[in-house]
């Protein structure tokens, strides 16, 4: 079992839909949880990070962490074609804080 | 803020030559920088962790003599691919860390070895 599991997709949704992206993990020591967006042939861009459990909202994006279930989610409201990209989850424990990445979910938002 | 640049963005070189890739944090100081390799439709593979003023820490399976990393200052790290071969062709991405739990990535360098 990989430390971080993420469905590669692709996930195809119509414009305006609510998108739910998810990752599961096995290492209970993870405390920091990040979501990155990566456009084709570009470096990943940090979207959000959260510490421990709970929700965090930033504009159309909401990140949720459920440590009891070892499950994290990223919700995108009112999705736009410009949101089409690969979304990578990442998480790290304290100490070195070196993140472990999921393989990314490819999202396609069609007009 | 939190901008990381990489140069060059694309490079084509002949087999047997060496290539240097630069990674700079433009608006913050980074005591730690990371180098990743990414294959198509695959996640990021951490190659090494680079700390300013000290030797890089390489991940298992990464040849330190082939992938030379230098972190000369708080804003600059370089990756040199020595004696490049076609199998080294890949997308190389660096990242820099202003704080322990935040990491910002460069735009990546596409290396093609012919």
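Residue numbers (our numbering), protein chains in the order written: chain C, 765 to 875; chain P, -12 to 101.
C-beta atoms are modelled at their ideal positions from N, C-alpha and C, and glycine is treated no differently.
Cβ-Cβ separation between residue 6 of chain P and residue 68 of chain P: approximately 5 Å, consistent with a contact (criterion under 8 Å). Chain order gives the chain C residues near residue 87 of chain P as 861, where near means a beta carbon separation below 7 Å. Shown here for residue 49 of chain P: same chain residues with a beta carbon closer than 7 Å to its own, the five before and five after excluded, namely 34, 35 in chain order. The C-alpha of residue 83 of chain P lies about 11 Å from the C-alpha of residue 39 of chain P. The C-beta distance from residue 789 of chain C to residue 855 of chain C rounds to 6 Å, short enough to meet the 8 Å contact threshold.
Rounded to the nearest whole angstrom, the C-alpha separation of residue 819 of chain C and residue 828 of chain C is 4 Å. Here the stretch 79 to 94 of chain P lies against the stretch 856 to 871 of chain C, with 3 or more beta-carbon pairs under 8 Å apart.
Using a C-beta cut-off of 8 Å, the stretch 4 to 19 of chain P makes contact with the stretch 51 to 63 of chain P, since at least three inter-stretch Cβ pairs fall below that distance.
Taken through DSSP and simplified to helix, strand or coil, residue 778 of chain C comes out as strand. Residue range 818 to 822 is occupied by the beta strand (DSSP E) that includes residue 820 of chain C.
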